[in-house]
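Student: The listed protein sequences derive, respectively, from chains C and X.
Each residue of the first sequence is one higher than the one before, counting from 4 in the working numbering.
Each residue of the second sequence is one higher than the one before, counting from 454 in the working numbering.
Idealized CB from N, CA, C, for every residue including glycine.
As the structure is a prediction and not an experimental result, all values here were calculated from the model.
Before I ask anything, let me first share the structure, which is written out below as C-alpha cells.
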Amino acid sequence: MPALLRDFPKPDTEVAMAVQTLTTAVPFSGTQRMTLTLSALLLGVFLVYGAGLANSAVLHDTAHDTRHSYGFPCH
Amino acid sequence: MIIRLLLAAIVAGLVSGVLMTGAQELKVTPLILHAEQYETGRAVGHSADVSSPALILLGELFNPIDHAFAHADGEEDSAILLGLDRLGGTLMANLVTGAGFSLILLAASLMAGNRITLRTGVLWGAAGWLVFQFLPAIGLPPELPGFPAADLGERQIWWMATVVLSAIALYFLVLRNEPWAKALGVVVMAAPHLYGAPRPIDISSDVPALLGAEFAVAALATTAFFWVVLGLLLGGAVDRFGRA
C-alpha cells in the first residue's frame, strides 16, 4: 500500500481496516497528515483571500478581471 | 514528502491558472471590457490606463477613498502590482487563485478522507465548482462592472459563509451514507439561500441585460473548465507524488 490516501474507507464502514492501513502501511504519521492538511488549507485560503477578497486597491486592480470572472463579490 | 505534495498541488494550480487565463481572455474579458464602456461612459477600461504605478501608490496613501469601493464613480487611474499590464495582472491573479484553490482542494480531500486521484479528479473538481462558483452564484450571480450591488462587506461575508456551508453540505450529501446526513446536507446547503444574499436597493443599471446574462453564463462555464482541469491535474499529481 504505497500511497498516502489511497482507498480510504467510507466513514461508516471499514474503520478498523482504515486504522490498520494508517498504522501499518502509510508512511505518513497522523501528525504529518495533520501538518499537510493544515498547511495546505491555510496557505490556500491565504492565497484565495488575497487574490479574491482582500480590500486593497492594488490587489483589487491587479486581480480585477479575475475577481469578476470567479464571481468574487467585487466593487 | 509534505513539501513535495504541497509543491505538486501548487504546480497543478499554476497550470490550471494559465489555462484559465486563456479561457477568460476568450469568453469573459471581452464582456467585462464591453460593460466598462457603460460603467464609466467612456470607451476606456478603468484598469487599462496605468501611467506610473509608483506615483499612484503614493497618491493612494493620501487618498481616503478606497479604489475597491470607488471605481464605479469614474476613477481615473489604477495600480497593478509590479507595473504589469491588464492581462499580466489577470494572469498573476489567476496563478495565485489557481494555486490557492488547488491547495484548498487537496486539504478538503485530506479532511474528507477521500483521496483525489486522476480517476476521481473530475468529481472533486466539480465539487469545487459547486462550492466556490455555482452555489454562491445562486445568491450573488457573477456581476459585471457597473452592475448595482449591495454593500461589499456584507456580500463578502455572505459569500464566505455560503462557501463554507456548501462545502459542509456536500460532505454530508456525498461522503456520508446515513439518511440523517443526507437530510442535514440539504438543509445546510439551502440555509444561506433561505437567509438570503444581500441585495442592492436600486437595481437599475446602464449595462445592458444581455451582456449580464452572457457574462453570468461565461463566468460559470469558464470556471467549470478551470475546476475540471484543476481536479484532473491535482488528482494526477497526488497519484504521482503521494507515494512513498
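Give me the residue from X:Ala634, X:Trp633, X:Ser555, X:Thr482 with the minimum Cα distance to Ala690 (chain X).
Tutor: The sequence position of residue 690 (chain X) within the second sequence is 237, counting from 1. Out of X:Ala634, X:Trp633, X:Ser555, X:Thr482, X:Ser555 has the C-alpha closest to the C-alpha of Ala690 (chain X).
Student: Any contact between the segment 558-565 of chain X and the segment 42-49 of chain C? By contact I mean 3 or more CB pairs, one from each, below 8 Å.
Tutor: Three or more beta-carbon pairs drawn from the segment 558-565 of chain X and the segment 42-49 of chain C are found closer than 8 Å, and the two stretches are therefore classed as touching.
Student: Using a Cβ cut-off of 9 Å, which residues of the segment 554-565 of chain X contact any Cβ in chain C, in chain order?
Tutor: Taking 9 Å as the upper bound on Cβ-Cβ separation, chain C lies near residues Phe554, Ser555, Leu556, Ile557, Leu558, Leu559, Ala560, Ala561, Ser562, Leu563, Met564, Ala565 of the segment 554-565 of chain X.
Student: How would you label Trp633 (chain X), buried or exposed, when you count the other beta carbons within 10 angstroms and need 16 or more for buried?
Tutor: As a position in the second sequence, residue 633 (chain X) is number 180, starting the count at 1. The residue is exposed, with fewer than 16 neighbouring Cβ atoms inside 10 Å.
Student: Does Met642 (chain X) get closer than 8 Å to chain C when you measure Cβ to Cβ?
Tutor: Taking the first residue of the second sequence as position 1, residue 642 (chain X) is located at position 189. With 8 Å as the cut-off, Met642 (chain X) does not count as an interface residue toward chain C.
Student: Give the residues from the segment 655-669 of chain X that approach chain C closer than 9 Å (Cβ to any Cβ), ordered along the chain.
Tutor: Phe668, Ala669
Student: Measure how close the beta-carbons of Ala488 (chain X) and Val660 (chain X) come, nearest whole angstrom, since I'm counting them as under 8 Å.
Tutor: For the purposes of this step, residue 488 (chain X) is taken as residue 35 along the second sequence, with counting starting at 1. For the purposes of this step, residue 660 (chain X) is taken as residue 207 along the second sequence, with counting starting at 1. About 5 Å separates the two Cβ atoms, so the contact holds.
Student: Taking all protein chains shown into account, decide if Asn630 (chain X) is buried (16 or more other Cβ within 10 angstroms of its Cβ) or exposed.
Tutor: Here residue 630 (chain X) corresponds to residue number 177 of the second sequence, with the count starting at 1. Exposed is the call here.
Student: Should Asp64 (chain C) be labelled buried (16 or more other beta-carbon atoms within 10 Å of its own) or exposed?
Tutor: Looking up residue 64 (chain C) in the first sequence gives position 61. The residue in question, Asp64 (chain C), is buried, as its Cβ has 16 or more Cβ neighbours within 10 Å.
Student: Look at the alpha carbon of Val549 (chain X) and the alpha carbon of Val639 (chain X), and state the distance between them as a whole number of angstroms.
Tutor: What you label residue 549 (chain X) is simply residue 96 of the second sequence in a count that begins at 1. What you label residue 639 (chain X) is simply residue 186 of the second sequence in a count that begins at 1. Rounded to the nearest angstrom, the two C-alpha atoms are 32 Å apart.
Student: Can you look up Leu597 (chain X) in the DSSP assignment and give me helix, strand or coil?
Tutor: For this step, residue 597 (chain X) is matched to residue 144 along the second sequence. Residue state, collapsed to three classes: coil.
Student: Starting from Glu667 (chain X), trace the alpha helix (DSSP H) both ways and give me its first and last residue.
Tutor: As a first step, residue 667 (chain X) is located in the second sequence; it is residue number 214 there, counting from the start. Its alpha helix (DSSP H) spans residues 662-694.
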